[in-house]
Each structure stands twice: as C-alpha cells, then as structure tokens.
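Shown next, in structure tokens, is the structure this report addresses.
Written out as structure tokens, the structure reads:
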C-alpha cells in the first residue's frame, strides 16, 4: 500500500560509470515496489534501461534518472544528460528507420517508442554545462 499519493518524484544523479545504469534500474524497481506500482516494473525498467544506456553510450558527462508519478497507475521515466543533441527517435514527427535484423546496435530508442504511451524531449539551455543538456522522457501506465 502506497503511503505517498501522487504526484511524487525521485531523482538519481549518476556518475560516469558503466555500473550506473544497473544501479538506476535497481533503484527504479525499489521505488515502484515501495509505491505499490510493481505492475509497471517491466515496462518502466525497459524504458529506463534504454534511455540510461543511450545516455551512457552517447554522452560524455554526467546523467541522471527521474521517476515521477502522474496518477496512481501512471509513471514518467526520464533521463537527463549534458549533451543537447536530440536523438532522431525523439524529434517531432520522426519517422526513424528500423535497424537491419542483424544489426548489433540501434534498437533501443525504437523499443522506447514502441513501449511508451507517450514520449518527449526538453532541451535544457541553462543546465550545468555551457551548451545545456536534454531531458528525454517516456510515460507508461495501466491501460485506460
């Protein structure tokens, strides 16, 4: 039984370390269990995993995870980093080609697009780095 009613949020700042995405996924599982939202764990963990791995692989600075409830059965998973470059999959009206079947990389953000109920990006102009950064977010929840 959840003791804190929505909206609530948690932010985890992550070091530039290959173990950080795993630590963040573990934190996400604990937060969802604590708030009685375990039914969202598989989708939320997939969204977080892909966004965190993308931030770790394609940016040079720090990054972080934000978990925010928007309703008792809805969640926003967001990852911020110091690179202002928006991935093609998050650009408005994006029609991103699906990677070849035998491609070793390039499926992560396609999974995010397929599994999220909605997604978006905010470019952060005045945030911790001279060029700003970005926040990629994906929402998931119980079927309405």
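In the numbering used here, the protein residues as written are 18 to 161. Every residue gets a Cβ at the ideal spot worked out from N, C-alpha and C, and that includes glycine. Nothing here was measured: the structure is a model prediction, and the numbers come from that model.
Could you give the first and the last residue of the continuous beta strand (DSSP E) run that contains residue 94? Locating residue 94 in the chain shown gives position 77, where the first residue counts as 1. First-last of the beta strand (DSSP E) with residue 94: 91-98.
Sub-9 Å separation of residue 46 and residue 154 beta-carbons: Mapped onto the chain shown, residue 46 falls at position 29. Mapped onto the chain shown, residue 154 falls at position 137. Cβ distance not < 9 Å, so residue 46 and residue 154 don't count as in contact.
Residue 152 - containing beta strand (DSSP E), residue span: Here residue 152 refers to the residue found at position 135 when the chain shown is read from its first residue. Taken as a continuous stretch (DSSP letters only), the beta strand (DSSP E) holding residue 152 covers 150-158.
Measure the Cβ-Cβ separation of residue 90 and residue 57 and say whether it is below 9 Å. For the purposes of this step, residue 90 is taken as the residue at position 73 of the chain shown. For the purposes of this step, residue 57 is taken as the residue at position 40 of the chain shown. Contact: yes.
List the endpoints of the continuous alpha helix (DSSP H) containing residue 83. Taking the chain shown and counting its residues from 1, one reaches residue 83 at position 66. Careful: residue 83 lies outside any alpha helix (DSSP H), inside the beta strand (DSSP E) at 80-88.
Cutoff 8 Å; reference residue 79; Cβ partners in own chain excluding five residues on either side: Along the chain shown, read from residue 1 onward, the residue named residue 79 stands at position 62. So the list reads 30, 31, 32, 33, 98, 99 and 145, once near-sequence residues are dropped.
Residue of 135, 48, 37 and 39 minimising C-alpha distance to residue 109: Here residue 109 corresponds to residue number 92 of the chain shown, with the count starting at 1. Closest by alpha carbon: 135.
With respect to the beta strand (DSSP E) encompassing residue 60, which residues constitute its N-terminal and C-terminal limits? As a working mapping, residue 60 is identified with position 43 in the chain shown. No beta strand (DSSP E) contains residue 60, which is instead part of the alpha helix (DSSP H) from 58-75.
Cα-Cα separation between residue 74 and residue 105, rounded to whole angstroms: The sequence position of residue 74 within the chain shown is 57, counting from 1. The sequence position of residue 105 within the chain shown is 88, counting from 1. If I take the Cα positions, the gap works out to 15 Å.
In the DSSP assignment, what are the bridge partners of residue 30? Within the chain shown, residue 30 is the residue found at index 13, counting from 1. Answer is 81.
Helix, strand or coil: which one does DSSP assign to residue 40? As a first step, residue 40 must be located in the chain shown, where it is residue number 23. Here residue 40 sits in helix by DSSP.
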